[in-house]
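Here's the structure, in structure tokens; my notes come after.
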Amino acid sequence: MPYDLLIKGGHVLDPGQGLNATLDIGVTNGRIAAIQPDIPATEAKKVVEVHGSNRYVVPGLLDIHTHVAHGATTAGVGMECCDPDIAGVLSGVTTVLDCGSVGVANIGVFPNHILPKAKTRVICFLNVGSYAHTMPLPADVNSMDEVNQKAIAACVQANPGLIRGIKLRLVGPVVAEKGEELITLSKAIASEHHIPLMVHIGDGRAEGEYAGQMTRFLLGKAFTPGDILTHLCTPHRGGVMDSARKPVPELKEARDRGVVLDPALGAGNFGYEIAREQAQLGVHPDTISSDLTAMGRKRIVYSLMECMGRFMAVGYTLSDVIRMATANAAKALGLQDELGALAVGREADITVLDEHEGHFRFLDTTQLVFQGDHALTPVLTVRAGEVFVPDWGPHPWGWLPERMAA
Numbered sequence: 001m002p003y004d005l006l007i008k009g010g011h012v013l014d015p016g017q018g019l020n021a022t023l024d025i026g027v028t029n030g031r032i033a034a035i036q037p038d039i040p041a042t043e044a045k046k047v048v049e050v051h052g053s054n055r056y057v058v059p060g061l062l063d064i065h066t067h068v069a070h071g072a073t074t075a076g077v078g079m080e081c082c083d084p085d086i087a088g089v090l091s092g093v094t095t096v097l098d099c100g101s102v103g104v105a106n107i108g109v110f111p112n113h114i115l116p117k118a119k120t121r122v123i124c125f126l127n128v129g130s131y132a133h134t135m136p137l138p139a140d141v142n143s144m145d146e147v148n149q150k151a152i153a154a155c156v157q158a159n160p161g162l163i164r165g166i167k168l169r170l171v172g173p174v175v176a177e178k179g180e181e182l183i184t185l186s187k188a189i190a191s192e193h194h195i196p197l198m199v200h201i202g203d204g205r206a207e208g209e210y211a212g213q214m215t216r217f218l219l220g221k222a223f224t225p226g227d228i229l230t231h232l233c234t235p236h237r238g239g240v241m242d243s244a245r246k247p248v249p250e251l252k253e254a255r256d257r258g259v260v261l262d263p264a265l266g267a268g269n270f271g272y273e274i275a276r277e278q279a280q281l282g283v284h285p286d287t288i289s290s291d292l293t294a295m296g297r298k299r300i301v302y303s304l305m306e307c308m309g310r311f312m313a314v315g316y317t318l319s320d321v322i323r324m325a326t327a328n329a330a331k332a333l334g335l336q337d338e339l340g341a342l343a344v345g346r347e348a349d350i351t352v353l354d355e356h357e358g359h360f361r362f363l364d365t366t367q368l369v370f371q372g373d374h375a376l377t378p379v380l381t382v383r384a385g386e387v388f389v390p391d392w393g394p395h396p397w398g399w400l401p402e403r404m405a406a
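Its first residue numbered 1, the sequence shown is counted upward by one per residue in the numbering used here.
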């Protein structure tokens, strides 16, 4: 038989390639071998029927901002990271990016403990601080002494291919005191190793104007093509909107240079009104990511698909959010030739999901309740040809957000 697996009868939606039709997908040796109508079921060892009026077969979703250093952070001290497969293949996501959950002192947890066990593809960005789980909050740089350029160089050399980017949280007292120096050093480290710099903006503890000034310095003088600004829609100080609720001019300049705008909703950095105003002003995120942690899976965040539903509530279409979490996400990682598309010859990373209509309750960082008319839930995940069924879901009742009265 030519195919190990046949995904049959599905509505294939791949906005990055303009695919929007009923097509079958044949998989052989973990790779896509055919995408065409009406492949006979007799030609496959295993057939998965995915018919349904609101069911879609899309490229494997990519979540480019998660925290999945499960077991490397200290419960009760810092962020509790999520199991990569809970965030990944058991949630309809085939690739997750861990965004600086660990630094050079504990990066070894990935090659020795996490990657050998994970069925999900895991990409690592190294925190610029030596220890990423120290107080007062996880992943903060509390002193310039924590940024050890030589140690990072040794770490990159000792782990070829592991570290695909550098992560900086632009948060905390050191940013107020030496923000420009910290940004400049972080960018120099990323440039030294020819990898992107991702920077968290938005500081709920900041006072005065320094947070906004540092964000404008970052956008105007530090970021280069391929760097990633994360938490685009943060309601905290240091966001990309000025006091008149207009985008700071450096934002357009950075985007024109090829800087990626990522919202990374999380439990603490998504303002619905900010996202809605940005959309009206033409400030659209390039990607959608969750900033998922173990705690976030139980409140506000829940899953990448629920975050995608929030952006549909803002006004984005299903095709928009699929593109953001597939083709655009792959491009943001420089992996557009490998990930984010359904194409013959590529590794078979495929997500099957359902779109639901109704009145759904969403919550943002400011505790604002807002309604969405669409929600997405995973049906199955194919990662390198292996089929995974989603777990029960983050809510007591499963995957759908809470319903609201009409």
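Beta carbons: idealized from backbone N, C-alpha and C, even for Gly. Predicted model, so just to flag it, every value in this text is computed and none were measured.
Between the segment 258-265 and the segment 231-245, the count of Cβ pairs shorter than 8 Å is three or higher; the stretches touch.
Residue range R31 to Q36 is occupied by the beta strand (DSSP E) that includes Q36.
In chain order, L6, K8 and A41 place their CB closer than 6 Å to the CB of V47, counting only its own chain and leaving out the 5 sequence neighbours on each side. Contact annotation: R361 and P401 have beta-carbon atoms nearer than 7 Å. Runs of the beta strand (DSSP E) lying entirely within the segment 230-309 and spanning at least 3 residues, in chain order: 260-262. Bridge partners of P378 according to DSSP: L353. An exposed status is given to A21, since fewer than 16 other beta-carbon atoms sit within 10 Å of its beta-carbon. With respect to L342, D14 sits close: the two C-beta atoms are nearer than 7 Å. Assignment of Y3 by DSSP, reduced to helix, strand and coil, places it in the strand class.
In the same chain as N148, and ignoring 5 residues on each side of it, the C-beta atoms closer than 6 Å to its own belong to S130, in chain order. At least 7 Å separates the beta-carbon of S101 from that of A153. Cβ contact annotation for V93 (same chain, cutoff 6 Å, sequence separation greater than five): L61, D63 and L304, in chain order. In the DSSP assignment, Q371 forms a beta bridge with R361.
DSSP, read as helix, strand or coil, puts M198 in strand. Put simply, of M1, K187, F370 and H374 the residue whose alpha carbon is nearest the alpha carbon of E355 is H374. Going by DSSP, K46 is part of the beta strand (DSSP E) stretching over A44 to E49.
Per the C-alpha coordinates, the member of D38, G52, V50 and M198 positioned closest to A332 is M198.
According to DSSP, I163 shares a beta bridge with C124. Taking the Cβ atoms as the reference, R257 lies roughly 7 Å from T224, within the contact range of under 8 Å. Bounds of the beta strand (DSSP E) holding P59 are R55 to P59. Within 10 angstroms of the beta-carbon of V321 lie 16 or more other beta-carbons, which makes it buried.
Short of 7 Å from the beta carbon of T366, and not among the five residues preceding or following it, lie these beta carbons of its own chain, in chain order: P235 and G271. Boundaries of the beta strand (DSSP E) around E386: E386 to F388. Considering only L353, P247, M295 and F110, the residue with the shortest C-alpha distance to C81 is M295. Closest option to R276, judged by alpha-carbon separation, among M312, R299 and A244: M312. When the beta-carbon positions are compared, G161 and I195 stay at least 7 Å from each other.
Per DSSP, the continuous beta strand (DSSP E) segment holding A21 begins and ends at L19 to T28. With a cutoff of 7 Å on beta-carbon distance, A330 and G315 are scored as not near each other. Within its own chain, the residues whose Cβ lies closer than 6 Å to the Cβ of A190, once the five positions on either side in sequence are excluded, are I166 and L197, listed in chain order. When the alpha-carbon of A405 is set against those of M308, D391 and Q371, the nearest one is in Q371.
Per DSSP, the continuous beta strand (DSSP E) segment holding D98 begins and ends at V93 to C99. Shown here, L170 sits in coil according to DSSP, grouped into three states, outside any helix or strand. Note on geometry: alpha-carbon atoms of I114 and N29 lie some 24 Å from one another.
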